[in-house]
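Visitor:
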Amino acid sequence: MRITSVESFGVPEVALVRVRTDDGAEGWGQVAPYHADVTVHVLHRQVAPNALGRDPLEVEALVDEIPEREHKFHGSHLCRALAGLDTALWDLRGKLEGKPVCDLLGARRRATAAYASSMRRDITAADEAERLVRLRDDDGFEAFKVRIGKECGHDVDEWPGRTEEVVARVRGALGDDATLLVDANSCYTPSKAIEVGRMLEHHGVTHFEEPCPFWELDWTREVTGALDLDVAGGEQDWDERVWRRMVGTRVVDVVQPDVLYTGGFTRALRVAALAAEAGLPCTPHSANHSLVLVFTLHLLAVLRNAGSYLEFSIEPDADYPWQAGMYEPRPAVAGGVVSVPEGPGWGVEISGDWLSRSEYRITRLD
22 MRITSVESFG VPEVALVRVR TDDGAEGWGQ VAPYHADVTV HVLHRQVAPN ALGRDPLEVE
82 ALVDEIPERE HKFHGSHLCR ALAGLDTALW DLRGKLEGKP VCDLLGARRR ATAAYASSMR
142 RDITAADEAE RLVRLRDDDG FEAFKVRIGK ECGHDVDEWP GRTEEVVARV RGALGDDATL
202 LVDANSCYTP SKAIEVGRML EHHGVTHFEE PCPFWELDWT REVTGALDLD VAGGEQDWDE
262 RVWRRMVGTR VVDVVQPDVL YTGGFTRALR VAALAAEAGL PCTPHSANHS LVLVFTLHLL
322 AVLRNAGSYL EFSIEPDADY PWQAGMYEPR PAVAGGVVSV PEGPGWGVEI SGDWLSRSEY
382 RITRLD
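Structure (structure tokens):
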């Protein structure tokens with residue numbers, strides 16, 4: 022059995038990938054979202070040609086060899102493209118064996134508690150608190166994440182006083198029993214992050230995500246060492262050397278690989294295993310409802326060091342129209358919990374309507 026074609030179906034924000042073999046087997050995956058139209062070029066130029074003619078079950082070998090063959094072009098976009106091939110091959114293997122991907126690795130759980138993840142900083146504290154209370158009452162969420170600071174904000178808030186107000190208002194509305202997480206998206210210098218962190222601890226926040234610019238590992242480690250709450254990070258990282266340094270020198274308390282940013286399911290498993298060896302939990306980044314949500318559910322199902330929650334975006338499809346109608350069944354929250362889709366591979370069916378609206382490309386074996 023050999024890989025005979027790699028196809029992409031994309032819009033500027035996201036692209037799906039289909040891999041086919043000479044005996045008719047196929048699997049579906051996805052490249053990382055955002056600037057996916059650029060990533061698709063990398064997929065067809067640097068990833069697909071190195072996969073054609075290869076055994077589709079040799080996923081680990083391909084994941085290791087392709088970056089070596091493209092050693093002059095290591096970087097985020099290569100990993101974002103590699104993820105499309107990797108996730109499609111995992112789906113193909115699951116379908117060949119008639120098993121969900123998580124069962125190929127010995128699933129430990131079938132469902133994971135989710136936290137309601139807000140993606141907004143343009144929302145007032147009162148409106149944020151109101152919608153989170155509604156989600157708690159309607160869907161059973163017990164954990165919630167809000168955005169603080171400003172993205173790459175150089176210690177500046179989205180508007181003066183917003184961070185303190187949103188944390189206090191949300192905590193007051195949800196009560197002391199709710200688990201509260203925050204995401205600073207690389208906003209702070211260490212001294213400011215520690216100052217903000219003390220305020221977060223006062224309000225019972227348990228998770229402080231990306232307090233400092235993610236590339237400033239020493240800054241983040243300083244914050245981690247100074248605070249009692251968990252400092253989390255890693256969603257942007259793809260370089261295995263950086264992951265080894267992050268884990269080995271305890272830059273964070275919680276690692277957060279993104280299956281698609283880091284280079285696929287195989288590489289995310291490796292990051293999680295590295296963290297497990299160091300006694301650190303893994304709570305992957307999963308910030309939209311494209312296939313990354315499905316991949317993350319399967320990942321959490323198999324990890325021995327899985328964090329307590331799945332990240333579950335609460336933003337409507339109107340704000341992310343490219344994810345709407347992509348596949349079925351779409352994971353949903355029931356009683357605060359999300360279940361792994363049933364069925365072989367990833368357990369979902371790709372929408373023909375979504376594909377018909379996308380731009381198509383193919384690289385095939387001559």
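Start counting the sequence shown at 22; every next residue gets the next number (this note's numbering).
From the three backbone atoms N, C-alpha and C, an ideal C-beta is built for every residue, glycine too.
1. If you draw a straight line from the alpha carbon of Pro352 to that of Leu324, how long is it in whole angstroms?
2. What did DSSP end up calling Ala189 once you bin it into helix, strand or coil?
3. Would you kindly check if the distance between the Cβ of Gln67 and the Cβ of Pro104 is under 8 Å?
4. Who are the near neighbours of Val263 in its chain, counting only those whose CB is closer than 8 Å to its CB and skipping five residues on each side?
5. Where does Phe235 sit, in a helix, a strand or coil, going by DSSP?
6. Where does Phe316 sit, in a helix, a strand or coil, going by DSSP?
7. Determine the burial state of Glu231: buried for a count of at least 16 other Cβ atoms within 10 Å of its Cβ, exposed for fewer.
8. According to DSSP, Gly48 sits in a beta bridge with which residue or residues?
9. Can you tell me whether Tyr330 is buried or exposed, with buried defined as 16 or more other CB within 10 angstroms of its CB?
10. Curious, which full-length alpha helix (DSSP H) runs of at least 4 residues does the stretch 236-308 contain?
11. What's the C-alpha gap between Ile169 and Ser139?
12. Could you tell me which of Trp236, Val27 and Ala164 sits nearest to Ile335, measuring between CA atoms?
13. Below 8 Å CB to CB, which residues in the same chain sit around Pro362 once its five sequence neighbours on both sides are set aside?
14. Which residues in the same chain have their Cβ closer than 7 Å to the Cβ of Asp58, if we skip the five residues on either side of it in sequence?
15. Are Leu110 and Val80 close, meaning C-beta to C-beta below 8 Å?
16. Short check: CB of Gly218 to CB of Val244, under 8 Å?
17. Out of Glu185, His223 and His175, which one is the CA nearest neighbour of Asn206?
18. Are Asp251 and Val275 touching if we call contact CB-CB under 8 Å?
19. In terms of residues, what are the limits of the alpha helix (DSSP H) holding Val68?
20. Check this for me: beta carbons of Trp259 and Ser97, under 8 Å apart or not?
21. Contact check, Ala146 vs Arg183 under 8 Å by CB: the rounded distance?
22. Give me the residue from Glu261, Glu256, Trp236 and Phe229 with the minimum Cα distance to Ala247.
23. Note down the Cα distance separating Leu290 from Thr283, rounded to an integer number of angstroms.
Guide: Put simply:
1. 19 Å
2. helix
3. At residue 104 the sequence reads Ala, which differs from the Pro that was named. Cβ atoms of Ala104 and Gln67: not closer than 8 Å.
4. Leu238
5. coil
6. helix
7. buried
8. Val40
9. buried
10. 238-247, 261-269 and 286-298
11. 10 Å
12. Ala164
13. Pro121, Val315, Leu318, Pro350, Pro352, Gly368 and Val369
14. Gly31 and Pro33
15. yes
16. yes
17. His175
18. yes
19. From DSSP, Val68 is part of no alpha helix (DSSP H); its letter is neither H nor E.
20. yes
21. 7 Å
22. Phe229
23. 10 Å
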